[in-house]
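First the structure, in the form of structure tokens, and then the observations on it.
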Amino acid sequence: MAENFDIQILDSPLSAEAAISFVQSDSCGAIDVFIGTVRNHTAGKTVFKLSFEAYEKMAVQEMEKIAQQAADQWPVDKLAFHHRVGDLAVGETAVIIAVSTPHRQASFEACKYAIDTLKQTVPIWKKEFFEGGEIWVAAHP
Amino acid sequence: MAENFDIQILDSPLSAEAAISFVQSDSCGAIDVFIGTVRNHTAGKTVFKLSFEAYEKMAVQEMEKIAQQAADQWPVDKLAFHHRVGDLAVGETAVIIAVSTPHRQASFEACKYAIDTLKQTVPIWKKEFFEGGEIWVAAHP
Amino acid sequence: MKIELLAFGITKDILGGRQVSYEWEGPANVEGLLLSLREKHPQLADLKSLKVAVNSEYAGLDKTIGPQDEVVLIPPVSGG
Amino acid sequence: MKIELLAFGITKDILGGRQVSYEWEGPANVEGLLLSLREKHPQLADLKSLKVAVNSEYAGLDKTIGPQDEVVLIPPVSGG
Numbered sequence: 096m097a098e099n100f101d102i103q104i105l106d107s108p109l110s111a112e113a114a115i116s117f118v119q120s121d122s123c124g125a126i127d128v129f130i131g132t133v134r135n136h137t138a139g140k141t142v143f144k145l146s147f148e149a150y151e152k153m154a155v156q157e158m159e160k161i162a163q164q165a166a167d168q169w170p171v172d173k174l175a176f177h178h179r180v181g182d183l184a185v186g187e188t189a190v191i192i193a194v195s196t197p198h199r200q201a202s203f204e205a206c207k208y209a210i211d212t213l214k215q216t217v218p219i220w221k222k223e224f225f226e227g228g229e230i231w232v233a234a235h236p
Numbered sequence: 096m097a098e099n100f101d102i103q104i105l106d107s108p109l110s111a112e113a114a115i116s117f118v119q120s121d122s123c124g125a126i127d128v129f130i131g132t133v134r135n136h137t138a139g140k141t142v143f144k145l146s147f148e149a150y151e152k153m154a155v156q157e158m159e160k161i162a163q164q165a166a167d168q169w170p171v172d173k174l175a176f177h178h179r180v181g182d183l184a185v186g187e188t189a190v191i192i193a194v195s196t197p198h199r200q201a202s203f204e205a206c207k208y209a210i211d212t213l214k215q216t217v218p219i220w221k222k223e224f225f226e227g228g229e230i231w232v233a234a235h236p
Numbered sequence: 006m007k008i009e010l011l012a013f014g015i016t017k018d019i020l021g022g023r024q025v026s027y028e029w030e031g032p033a034n035v036e037g038l039l040l041s042l043r044e045k046h047p048q049l050a051d052l053k054s055l056k057v058a059v060n061s062e063y064a065g066l067d068k069t070i071g072p073q074d075e076v077v078l079i080p081p082v083s084g085g
Numbered sequence: 006m007k008i009e010l011l012a013f014g015i016t017k018d019i020l021g022g023r024q025v026s027y028e029w030e031g032p033a034n035v036e037g038l039l040l041s042l043r044e045k046h047p048q049l050a051d052l053k054s055l056k057v058a059v060n061s062e063y064a065g066l067d068k069t070i071g072p073q074d075e076v077v078l079i080p081p082v083s084g085g
């Protein structure tokens, strides 16, 4: 993996501080950080928890591709990309993406690209546990 | 101040963790955080430090206006907006903006609006100390 | 062709396990596998999408599958 | 009109202090103040912009200024 990327799938709580420390760079003036957290409701249902599973080997590879694509499109100095697996309670963090760039516009665009693309290509699946049932998110049309 | 905003001008180091904790919300799935840091160069010059001063009373008011304008345009649940004053070394954090929203797109847009508007309206001034001189940034055409 | 198939997300529930031995007649490629699977497990046809990864890369329908390949069912992803 | 004027950023350097007593002839409003200041301190005319805040709100040129108002010079801001 390129040494300016820090890509991890973890079954323990994620740390925004760790992601931010990794991307800090004296040559950069901007860091954008996206944090995805577990909401207490979705589509009008009360959610108790989420459970994430990953095809880890491929998920890490796909996250690396995304980081590289971001670095090809914007002047990314460093990028941290951490995703949690296992059971997550409401309020816990599922994903953190931090990107450092010389100027701010690129940090927003690269970070947004990474989270948008994660949701399309990275083999990670989320099961929602709500009042009265459970469902694999997005599985059906 | 609206209780869902945390607006501060500080002469001590800023904490991303504090800003993120403030905006965390069980009803939100997204937090975007922008961190502005001191770069070691600008326009080809080596920068040693920056010094920020603020017309604090008005700066806080203008930051509150920005937070409110963001909340008027996007479904912002909470917003933290911290700016540092005094002398900052290379790598230190000058500003942190954290925004929580139900979904991710709004978090990016509201955060970007806040930092873009800060740079236009908030009475804070930055002096750059570089090899061979010092300059009030953006003062002259 | 007979392979060990890995299934994630909802496909694990439909196939009844993370790793299942799976045998099919017909072409030894992704298309042949998917045709057979959808016939045997009609619920797979109800998914919004169903991709196959071979050796941890997304594979096209004409990708050949051998007994040594790591073959994985990828239902619609939902990370983040 | 005579007021205590607060100056930040480069205007502090140009006027020689954070707080200066300033007296001018002519209209007791923002426009009158700025005209007088630019005449006395020509460097102020070189700035990219120069705004005035009265009681911590940006003020238009016709905003009247009284002795009790807090009047502040706002050169181009550069926070963040």
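Protein chains in written order, with my numbering: chain H, 96 to 236; chain R, 96 to 236; chain B, 6 to 85; chain F, 6 to 85.
We treat Cβ as the ideally placed atom computed from N, Cα and C, and that holds for glycine.
On a predicted model such as this, the values are computed, not experimentally measured, just so you know.
Contact with chain F by residue i, beta-carbon distance below 8 angstroms
| i | result |
| --- | --- |
| Pro108 (chain R) | no |
| Ile161 (chain R) | no |
| Gln156 (chain R) | yes |
| His235 (chain R) | yes |
| Lys88 (chain R) | Chain R is shown from 96 up to 236; residue 88 (chain R) falls before or after that span and cannot be answered. |
| Glu98 (chain R) | no |
| Tyr150 (chain R) | yes |
| Ile210 (chain R) | yes |
CB contact below 8 angstroms: residue i versus chain H
| i | result |
| --- | --- |
| Gly14 (chain B) | yes |
| Gly21 (chain B) | no |
| Phe203 (chain R) | yes |
| Ser26 (chain B) | no |
| Ile219 (chain R) | no |
| Val232 (chain R) | no |
| Val57 (chain B) | no |
| Ser122 (chain R) | yes |
| Gln119 (chain R) | yes |
| Val77 (chain B) | yes |
Residue i at chain R interface by Cβ criterion, 8 angstroms
| i | result |
| --- | --- |
| Ile130 (chain H) | yes |
| Val82 (chain F) | yes |
| Leu42 (chain F) | no |
| Ile8 (chain F) | no |
| Lys45 (chain F) | no |
| Arg199 (chain H) | yes |
| Asp172 (chain H) | no |
| Lys3 (chain F) | Residue 3 (chain F) cannot be examined here, being either before or after the span of chain F that is shown, 6 to 85. |
| Asp74 (chain F) | no |
| Asp127 (chain H) | yes |
| Val194 (chain H) | no |
Cutoff 7 angstroms; reference residue i; Cβ partners in own chain excluding five residues on either side
| i | result |
| --- | --- |
| Ile102 (chain R) | Met96, Val155, Met158, Glu159, Ala162, Phe176 |
| Glu9 (chain F) | Gln24, Ser26 |
| Trp169 (chain R) | Thr196, Ala201, Glu204, Ala205 |
| Ile104 (chain R) | Ala149, Glu151, Ala154, Val155, His178, Val180 |
| His198 (chain H) | Gly124, Ala125 |
| Asn135 (chain H) | Thr141, Val142, Val185 |
Cβ pair residue i, residue j closer than 8 angstroms
| i | j | result |
| --- | --- | --- |
| Ser202 (chain H) | Val190 (chain H) | no |
| Ala234 (chain H) | Leu66 (chain B) | no |
| Glu229 (chain R) | Lys140 (chain R) | no |
| Gly131 (chain R) | Gly85 (chain F) | yes |
| Val57 (chain F) | Asp74 (chain F) | no |
| Ala111 (chain H) | Ala111 (chain R) | yes |
| Ser120 (chain H) | Asp182 (chain H) | no |
| Ile19 (chain B) | His46 (chain B) | yes |
| Ala64 (chain B) | Val35 (chain B) | yes |
| Leu39 (chain F) | Leu55 (chain F) | yes |
Below-8 angstroms beta-carbon distance, residue i vs any chain B residue
| i | result |
| --- | --- |
| Ile191 (chain H) | no |
| Trp169 (chain H) | no |
| His178 (chain H) | yes |
Whole-Å CB distance - residue i paired with residue j, under 8 angstroms assumed
| i | j | result |
| --- | --- | --- |
| Lys221 (chain H) | Phe147 (chain H) | 5 angstroms |
| Leu174 (chain R) | Phe100 (chain R) | 5 angstroms |
| Val82 (chain F) | Thr216 (chain R) | 7 angstroms |
| Ala33 (chain F) | Arg43 (chain F) | The pair is not a contact, with the Cβ atoms about 17 angstroms apart (cut-off 8 angstroms). |
| Ala138 (chain H) | Val128 (chain H) | With 8 angstroms as the limit, Ala138 (chain H) and Val128 (chain H) do not qualify as a contact, their Cβ atoms being about 27 angstroms apart. |
| Gly31 (chain B) | Gly22 (chain B) | With 8 angstroms as the limit, Gly31 (chain B) and Gly22 (chain B) do not qualify as a contact, their Cβ atoms being about 23 angstroms apart. |
| Ala184 (chain R) | Val133 (chain R) | 7 angstroms |
Minimum Cβ-Cβ distance from residue i to chain C less than 8 angstroms
| i | result |
| --- | --- |
| Ile102 (chain H) | No chain C is present in this structure, whose protein chains are H, R, B and F. |
Same chain, Cβ closer than 6 angstroms to residue i, neighbours up to 5 away in sequence not counted
| i | result |
| --- | --- |
| Val232 (chain R) | Lys221, Glu223 |
| Thr16 (chain B) | Leu78, Pro80 |
| Lys207 (chain R) | none |
| Gly14 (chain B) | Pro80 |
Own chain residues within Cβ distance below 8 angstroms of residue i, not counting five before or after
| i | result |
| --- | --- |
| Pro236 (chain H) | none |
| Pro108 (chain R) | Arg179, Glu187, Thr188 |
| Gln48 (chain F) | Ile19 |
| Phe117 (chain R) | Asp101, Lys173, Ala175, Ala193 |
Practice task
Scan the region 120 to 152 of chain H and note each continuous beta strand (DSSP E) run of 3 residues or more that stays entirely inside, going in chain order.
Solution key: Fully enclosed beta strand (DSSP E) runs of no fewer than 3 residues occupy 125 to 132, 140 to 149 of the region 120 to 152 of chain H, in order along the chain.
Handout entry: Contiguous beta strand (DSSP E) assignments of at least 3 residues, all confined to the region 152 to 213 of chain R
Key = Entirely contained in the region 152 to 213 of chain R, the beta strand (DSSP E) runs reaching 3 residues are, in chain order, 173 to 179, 181 to 184, 188 to 196.
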